[in-house]
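Notes follow once the structure below has been shown.
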Amino acid sequence: MATTQQKSIQIANGDKVPPVFNHTTEENGRVRASVFEFTQDGAGDAGSTVALIRLPAGRVRILSHLSVIRCSAFGAGATLDVGYAAHENFKGDAVPADPDAIADGIDVSAAAQLSLGGIGAGVAGPSVLAPSRDRVIILATCQGAAIPDGATLTGVICYVND
45 MATTQQKSIQ IANGDKVPPV FNHTTEENGR VRASVFEFTQ DGAGDAGSTV ALIRLPAGRV
105 RILSHLSVIR CSAFGAGATL DVGYAAHENF KGDAVPADPD AIADGIDVSA AAQLSLGGIG
165 AGVAGPSVLA PSRDRVIILA TCQGAAIPDG ATLTGVICYV ND
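Note that my numbering has the sequence shown beginning at 45, numbered continuously upward.
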């Protein structure tokens, strides 16, 4: 076997003649952050959702590996998924909700603080592209057990949007 020298798609784009410029969500974009604070008002059954933040309209790349969530103890068997609500893409086509696009099955049975990056089998990678013509809502969904009255979620979702 021999050593190889290969290029990422983004490097190869810049080497083309004429060069193909990468979108700012892939190169030289500015990282932005949205903070959320939530306290549950009354117990909610498994499947209950919390709208955490609204992303700006446009081409947005969520940096899940930089995003952090802190939770109180939800109780035995409780997990949390983080994803986005249904929305429209740039063409006006419906994009279905993906409730675990950012994190899948976070253990929230005990109080914790975790990075959202790469948690769970439903997560494709360390970032999620969510382009839209309107603002996309990021949701947390409690699974496996009820969300108790007074449960708290705080954190920050980091993203690139230029």
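Cβ atoms here follow ideal geometry from the backbone N, Cα and C, with glycine treated the same way.
Check	Outcome
Whole beta strand (DSSP E) runs in the segment 143–198 with 3 or more residues, listed along the chain?	156–159, 181–187
Check each candidate in 116, 91, 176, 147 and name the one with the smallest Cα separation from residue 201.	147
Return the bridge partner residues of residue 88 from the DSSP annotation.	191
When the Cα of residue 53 is compared with those of 63, 185, 45, 46, which residue comes out closest?	63
According to DSSP, is residue 125 helix, strand or coil?	strand
Evaluate contact between the segment 151–160 and the segment 56–72, counting only Cβ atoms and requiring at least three cross-stretch pairs below 8 Å.	no
If we ignore side chains and look at the alpha-carbon of each, how far apart do residue 93 and residue 156 end up?	19 Å
Decide if residue 105 is buried, meaning its Cβ has at least 16 other Cβ atoms within 10 Å, or exposed.	buried
Determine the direct distance from the alpha carbon of residue 124 to that of residue 80, and round the result to whole angstroms.	15 Å
Just to confirm my understanding: we take residue 170, look at its own chain, exclude 5 residues before and 5 after, and list those with CB closer than 7 Å. What are they?	108, 109, 161, 162
Can you tell which of 126, 199, 204, 194 has the C-alpha that lies nearest to the C-alpha of residue 173?	204
Drop a sphere of 10 angstroms on the beta-carbon of residue 69, count the other beta-carbons inside from all chains shown, and report buried for 16 or more, exposed for fewer.	buried
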